[in-house]
Amino acid sequence: MLLAAICVLMFYWSFLASPVFPEELFPSSSSALSTCVQSCICCVVIFICQICLLKRAQKVERISRVATVVSLVVLCMLAAALIILSLVGVEPPNVLFIAFPVAVGFCGFFVTLRIAKVMRSMDGGKIAIAVLGSMPLGLFVGVAVPSVFPLAGLTATSSCYPMLIVAGVISLLPFGLSNRQEADFASRREGATAKYMPLVVMLLLYLFASAAFMGTHVAATSGVWFTDNPLHFIVGLLLYVLCALYAVAEYRGSERFRLNFKNWTGLWFWVAFALLLTVFLYCVALLNPDHSDLCAELILPSRPLAMTLLMLLAFLWGSGLDGRSNAIIVSSVLSAIMLINAFADVLAVDPLIKGELALIVNLVALATAFAMTACVIVWIAGNMKKDEGLPATQNESPESQGIERIHELAESFGLTRREREVMTLLAQGNTQKRVAEDLGLSLNSVQTYAKSLYRKLDIHSRQELIDLLGKSGDSSRPRV
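For the record, in the sequence shown the residue sitting at position 366 is 366 according to UniProt numbering, with numbers rising by one throughout.
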């Protein structure tokens, strides 16, 4: 599961950071839509899908697999048509320039829903290692894919659509997903909104301010987003190393991903990353426009990482909730990222750039830096208030205490994931028949898991299980 998640994510990230349409295929086309228009079309499509999800969540989730297959087929056909027309030197019809970003938007939205479903079936530590571990692999693949195009006689082009197609195909593979009990995981992440919201707002603010700067910088200078400046790679390497250390420490430290003071790894990482982003914005406020090139080399490598971390927070936030809430949270973050990207592309249009806009961007960067600092302080204060001076049992609701005790028992007695799910539902008073319905298993399978569970715990009935959970707060060590 973890390896499959890393594979799908390393091809998925290009969808967030790369241009929607491969303009290099038709550099001299007079009818080709601009990057700004293409990005806006894709953003509108994603927002339409988001509205449909909010109104008809169950139907959208039910058709997500079929919609992913259809959108992938359409995107492959459009990409093949564009490549063939580019090879023969024929001007494509205008409808292709409109249909392509529409297909990318639909495909990206439903692939995101599929990935969110995969992430929801994993523990927090594995989500962290999957997301953060896939970033350097995604960077390598994103550089390698465009280099293949010249071998076919094409110009080096965007890696968005070929990598999105691969990610969509991988997301359709069977991941061994199970239907988990919704009440269990809703209580497992009680207070998730207060825990994740300050960090989500902080990253959204940074993406907005950095988009405003990069858009105006690209329009006012060479019009090139990516450069070969060594500083660009040094800054990117520093940020990647920081994320890699965090992923390894988080994965080795605990299966449960907690953004609070009980997990100092999470604390130092988010504070350090926020500090770096804030410093970058202060540099923009102080050095732009006289040293805008230097600011661009600081800002540009941090934007893909900020997008990735934003999606990580969305996956973690939604992983403890029911399927509908998980899909809404992850897709909402995706919509916000694509809207900000469209905003940057709009600013990159030359006629919109005026002389006094640099001062406005500097003020936005300065205000955003202060706002980001406030978000980090709110997040730290909220965790301090939650942990300060109170024993763990007073900070948690009875439901969350029960989940913690189940987790402790599962670790102490070496229970499998399925045995833990069965134990959770049995402890809530459900019959074995109801457990089978909730987990989508046969009654015989649940009976087998229950027998194995009782044997490992040295008990003989559901009531003994409930009594054992009541005592596990004092001692969860295996009995010899």
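Quick reminder that beta carbons are idealized off the backbone N, C-alpha and C, glycines included.
All of these numbers come straight from a predicted model, not from anything done at the bench.
Grab the span of the alpha helix (DSSP H) containing residue i for me, first residue to last.
i, result
"residue 50", "35-55"
"residue 162", "160-171"
"residue 308", "302-319"
"residue 446", "443-457"
Quick one: grab the DSSP three-state call for residue i.
i, result
"residue 429", "coil"
"residue 288", "coil"
"residue 329", "helix"
"residue 13", "coil"
"residue 91", "coil"
"residue 212", "helix"
"residue 122", "coil"
"residue 217", "helix"
"residue 481", "Residue 481 lies beyond the range of the chain shown here (1 to 480); nothing can be said about it."
"residue 481", "Outside the displayed span of the chain (1 to 480) sits residue 481, for which this structure offers no information."
"residue 349", "coil"
"residue 407", "helix"
"residue 460", "coil"
"residue 372", "helix"
"residue 335", "helix"
"residue 134", "helix"
"residue 71", "helix"
"residue 86", "helix"
"residue 198", "helix"
"residue 20", "coil"
"residue 1", "coil"
"residue 177", "Caution is warranted here: a pLDDT of 49 is assigned to residue 177, below 50, making its placement in the model unreliable, and the coordinate value is therefore given only provisionally. Three-state result, residue 177: coil."
"residue 322", "coil"
When burial is assigned at 16 or more other CB atoms within 10 Å of the CB, is residue i buried or exposed?
i, result
"residue 63", "exposed"
"residue 345", "buried"
"residue 453", "buried"
"residue 19", "buried"
"residue 21", "buried"
"residue 337", "buried"
"residue 108", "buried"
"residue 376", "buried"
"residue 289", "buried"
"residue 442", "exposed"
"residue 93", "exposed"
"residue 216", "buried"
"residue 221", "exposed"
"residue 173", "exposed"
"residue 444", "exposed"
"residue 89", "exposed"
"residue 233", "exposed"
"residue 417", "exposed"
"residue 241", "exposed"
"residue 132", "buried"
"residue 72", "buried"
"residue 195", "buried"
"residue 269", "buried"
"residue 87", "exposed"
"residue 77", "exposed"
Ignore the nearest five residues each way along the sequence and tell me which others in residue i's own chain have a CB closer than 6 Å to its CB.
i, result
"residue 5", "118, 130"
"residue 305", "239"
"residue 364", "209, 212"
"residue 236", "301"
"residue 339", "43"
"residue 314", "329, 330, 333"
"residue 135", "308"
"residue 11", "163, 166, 167"
"residue 74", "103"
Keeping to the same chain, check which residues put their C-beta closer than 7 Å to that of residue i; ignore five residues upstream and five downstream.
i, result
"residue 102", "41, 45"
"residue 327", "53, 57, 61, 113, 116"
"residue 283", "295, 298"
"residue 372", "202, 205, 206, 274, 277, 278"
With 7 Å as the threshold, decide whether the Cβ of residue i is near any Cβ in chain D.
i, result
"residue 274", "Of the protein chains in the structure, only one exists, and it is not chain D."
Between residue i and the rest of its own chain, which residues show a CB-CB distance below 8 Å, the 5 nearest in sequence each way excluded?
i, result
"residue 2", "122, 126, 129, 130"
"residue 378", "198"
"residue 460", "454"
"residue 482", "Residue 482 lies beyond the range of the chain shown here (1 to 480); nothing can be said about it."
"residue 434", "425"
"residue 170", "4, 7, 8, 11"
Would the C-beta of residue i count as close to the ligand MG, meaning under 6 Å from any of its heavy atoms?
i, result
"residue 305", "As far as ligands go, the structure on display features none, and thus does not contain the ligand MG."
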